[in-house]
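A.B. asks: Chains as they are written, first to last, in this note's numbering: chain Y, 1 to 261; chain L, 1001 to 1261.
Glycine included, C-beta positions come from ideal geometry on N, C-alpha and C.
To start, I am sharing the structure in question, which I have written as structure tokens.
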């Protein structure tokens, strides 16, 4: 798409778009991944392309729940790896949990390519600086992050076909799953299995958003970066979480943008 | 993406998505075309995936202006050809105007492929039934639709590079251009050249929507089908057109959806 000037007001949005175009050319994405990204762009546009106060509260709540869970897992698809893979590896390092590649349109080739990309990202993150506030051995913590998805041997009850496949030592036995996805059925199935589900979804009206335990209505790159800060800070949960109120606040922002406020 | 059941509530949206995925595989689309489609999907979702009353008024206004113009032209890109090519050929046959392939990310290969696809669509439309209300020789009218874009020899003032290229006997000398696009610069440049610009854009907040003479805030497949009916009916313009009011009504619908109405 050509050079994007440093001063362009929508530079981060255009860079994200370019990353996805490149990743599609490398075979990392499903056919419809860019359509999903475009949907997100539109909602982010209406949200002002910034992390709202209610999204920040949701990120803090997600952090507290991930830190106190027994078996947290971060589930990633192609778009997530491409846009936020490194920050989610940082989150996994701090929380001490695995990352599972789990795809709606699952193929062995894309699973393998995404695991390779994640391993590269993990090496890069391990060799880089620790997040502010982290005092332990960073390279060791990062290198300990297990990357799952290959040879998946479990299944999500209530789903059919390839969408049901998961890893027994990952999503299968998790008590909480952080999953940036747009799949209402899967979100519902995971909740039905008794798991907490934290989603990152820019559409506050989607079934995924409405089914989740905690919905972070934010762009995944920004949300993952903010989540790194939160898990390092280690704040406790703030009491009862009202997910409907969080969604309602996101809808108010969109309605405000549409009303020209 | 697999079979889509006849009963699926979002069947038309999923079929459109599949058409684009197929077209991308055939090299008909720019890298970012599916992202643009996704943005449209999100806005259409908020608009209730139906043609609003104000969109219908805009379609009628567009029809009246196309029918009374001296040199109308329909400008198409890849997404438009794939999703609405046949109906736009019907519109061109009734109005008696050419169709010009004009691309933001212009390559000779995609121009050639899209012209081939349009020629196939023209043959199919010519061999099919005339629209209700049409009493003349349909095959002849359709076969007369000129398909432009190859060997473009003109330019749009105020734009740089490949985006400025157009056909002198098409957009270059048109007094009105129907152009389903998301390119605020180009819309502005065409208006600056003294042309009327009718756009089909699902984002009522976009620069394109705000710069156009008449903005149809609707999904291109639905809008093109409705436009066929309107040009055959041949209604006259209804007086002064207030494009800001039309955009405001679309925004009200989005705000209403966001407020849970």
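#1: With DSSP collapsed to three states, give me the class of residue 1077 of chain L.
#2: In this structure, how does DSSP classify residue 1196 of chain L when only helix, strand and coil are distinguished?
#3: Using 8 Å as the cut-off, can you tell me whether the segment 1070-1090 of chain L makes contact with the segment 1174-1185 of chain L, which would need three or more C-beta pairs spanning the two stretches below that distance?
#4: From which residue to which residue does the beta strand (DSSP E) around residue 178 of chain Y run?
#5: Does chain L have any CB closer than 8 Å to the CB of residue 37 of chain Y?
#6: Could you give the DSSP three-state label for residue 1217 of chain L: helix, strand or coil?
#7: Report all residues from its chain with a CB closer than 7 Å to the CB of residue 972 of chain L; omit the five preceding and five following residues, and keep chain order.
#8: Measuring straight from C-alpha to C-alpha, what distance separates residue 130 of chain Y and residue 211 of chain Y?
#9: Return the residue from the list Y:99, Y:127 and Y:107 that minimises the CA-CA distance to residue 146 of chain Y.
#10: Please name the residue, chosen from L:1152, L:1005, L:1034 and L:1219, that lies closest to residue 1166 of chain L on a Cα-to-Cα basis.
#11: In the DSSP output, which residue or residues are listed as bridge partners for residue 154 of chain Y?
#12: Count the C-beta pairs between the segment 1240-1259 of chain L and the segment 1079-1091 of chain L that are closer than 8 Å, then say yes if the count reaches three, no if not.
#13: Excluding the 5 residues flanking residue 27 of chain Y on each side, which residues of the same chain have their C-beta closer than 8 Å to its C-beta?
#14: Quick check on the burial criterion: 16 or more other C-beta atoms within 10 angstroms. Buried or exposed for residue 1140 of chain L?
#15: As a quick exercise: from Y:258, Y:204, Y:221 and Y:157, pick the residue whose alpha carbon is nearest that of residue 1205 of chain L.
#16: Measuring CB to CB, does residue 179 of chain Y end up less than 8 Å from residue 75 of chain Y?
#17: When we look at the beta-carbon of residue 1221 of chain L and count the other beta-carbons within 10 Å, is it buried (16 or more) or exposed?
#18: Mapping DSSP to helix, strand and coil, what is residue 1004 of chain L?
#19: Considering only DSSP beta bridges, list what residue 147 of chain Y is partnered with.
#20: Do three or more CB pairs link the segment 1229-1239 of chain L to the segment 220-235 of chain Y at distances below 8 Å?
#21: Interface residues of chain Y around residue 1254 of chain L at Cβ under 7 Å?
#22: Hey, residue 1035 of chain L and residue 41 of chain Y: beta-carbon distance below 8 Å or not?
#23: Are any of the Cβ atoms in chain Y nearer than 8 Å to that of residue 1199 of chain L?
#24: Can you list, in chain order, the residues of its chain with a C-beta nearer than 7 Å to that of residue 133 of chain Y? Leave out the 5 residues immediately preceding and following it.
#25: Buried or exposed for residue 50 of chain Y, please, with buried defined as at least 16 other CB atoms from any protein chain shown within 10 angstroms of its CB.
#26: Among Y:120, Y:45 and Y:144, which residue has its Cα nearest to the Cα of residue 93 of chain Y?
#27: Any C-beta of chain L sitting closer than 8 Å to the C-beta of residue 84 of chain Y?
#28: To the nearest angstrom, report how far apart residue 38 of chain Y and residue 16 of chain Y are at their CA atoms.
#29: Taking the Cβ atom as the reference point for each residue, do residue 154 of chain Y and residue 168 of chain Y lie within a distance shorter than 8 Å?
#30: Please determine, among Y:150, Y:171, Y:223 and Y:195, the residue with the shortest C-alpha to C-alpha distance to residue 52 of chain Y.
#31: Verify whether the separation of the beta carbon atoms of residue 1189 of chain L and residue 1159 of chain L is less than 8 Å.
#32: In chain Y, which residues lie less than 7 Å from residue 1164 of chain L when you measure between Cβ atoms?
#33: List, in chain order, every chain Y residue whose beta-carbon is nearer than 9 Å to that of residue 1012 of chain L.
#34: Counting only the same chain and skipping the five closest in sequence on each side, list residues whose C-beta sits under 6 Å from that of residue 1219 of chain L.
#35: Over the uninterrupted alpha helix (DSSP H) stretch that includes residue 255 of chain Y, give me the two end residues.
C.D. replies: Concretely, from the data shown:
#1: Residue state for residue 1077 of chain L is assigned as coil, using DSSP reduced to three classes.
#2: In the three-state reduction of the DSSP assignment, residue 1196 of chain L falls in the strand class, which pools E and B.
#3: Note that the segment 1070-1090 of chain L touches the segment 1174-1185 of chain L; at least 3 beta-carbon pairs, one per stretch, sit closer than 8 Å.
#4: If you look at residue 178 of chain Y, you'll find it in the beta strand (DSSP E) that goes 176-179.
#5: The Cβ of residue 37 of chain Y sits closer than 8 Å to at least one Cβ of chain L.
#6: Coil at residue 1217 of chain L, not helix or strand.
#7: Shown here, chain L extends from 1001 to 1261; a query on residue 972 of chain L therefore has no answer.
#8: Roughly 34 Å separates the two Cα atoms.
#9: Of the listed residues, the one whose Cα sits closest to residue 146 of chain Y is Y:99.
#10: Comparing alpha-carbon positions, the option among L:1152, L:1005, L:1034 and L:1219 lying closest to residue 1166 of chain L turns out to be L:1152.
#11: Bridge partners of residue 154 of chain Y: Y:166.
#12: Flag = no, the segment 1240-1259 of chain L and the segment 1079-1091 of chain L do not touch.
#13: Contacts found: 109, 110 and 113.
#14: Exposed.
#15: Nearest neighbour of residue 1205 of chain L by Cα position, chosen from Y:258, Y:204, Y:221 and Y:157, turns out to be Y:258.
#16: Yes, the Cβ-Cβ distance between residue 179 of chain Y and residue 75 of chain Y is below 8 Å.
#17: Residue burial annotation: residue 1221 of chain L is buried, with at least 16 other C-beta atoms found within 10 angstroms of its C-beta.
#18: In the three-state reduction of the DSSP assignment, residue 1004 of chain L falls in the coil class.
#19: Looking at the DSSP assignment, residue 147 of chain Y forms a beta bridge with Y:99.
#20: Taking 8 Å as the limit for Cβ pairs, the verdict is that the segment 220-235 of chain Y does not touch the segment 1229-1239 of chain L.
#21: Result: 258.
#22: A contact, by the Cβ cut-off of 8 Å.
#23: By this cut-off, residue 1199 of chain L is not an interface position.
#24: Taking residue 133 of chain Y as the centre and dropping the five residues before and after it, the same chain places the C-beta of 232 and 233 closer than 7 Å to its C-beta, in chain order.
#25: Label assigned to residue 50 of chain Y: exposed.
#26: Out of Y:120, Y:45 and Y:144, Y:144 has the C-alpha closest to the C-alpha of residue 93 of chain Y.
#27: It does not; no Cβ of chain L falls within 8 Å.
#28: Our two residues, residue 38 of chain Y and residue 16 of chain Y, have alpha carbons roughly 11 Å apart in a direct line.
#29: Cβ atoms of residue 154 of chain Y and residue 168 of chain Y: closer than 8 Å.
#30: The residue with the shortest Cα to Cα distance from residue 52 of chain Y is Y:223.
#31: At the C-beta level, residue 1189 of chain L and residue 1159 of chain L come within 8 Å of one another.
#32: Within chain Y, no residue comes near residue 1164 of chain L; the closest Cβ sits about 15 Å away, beyond 7 Å.
#33: Here the premise fails: no neighbours, minimum Cβ distance about 15 Å.
#34: Residues of the same chain with a CB within less than 6 Å of the CB of residue 1219 of chain L, apart from the 5 flanking positions on each side, are 1044 in chain order.
#35: Element bounds for residue 255 of chain Y: 243-258.
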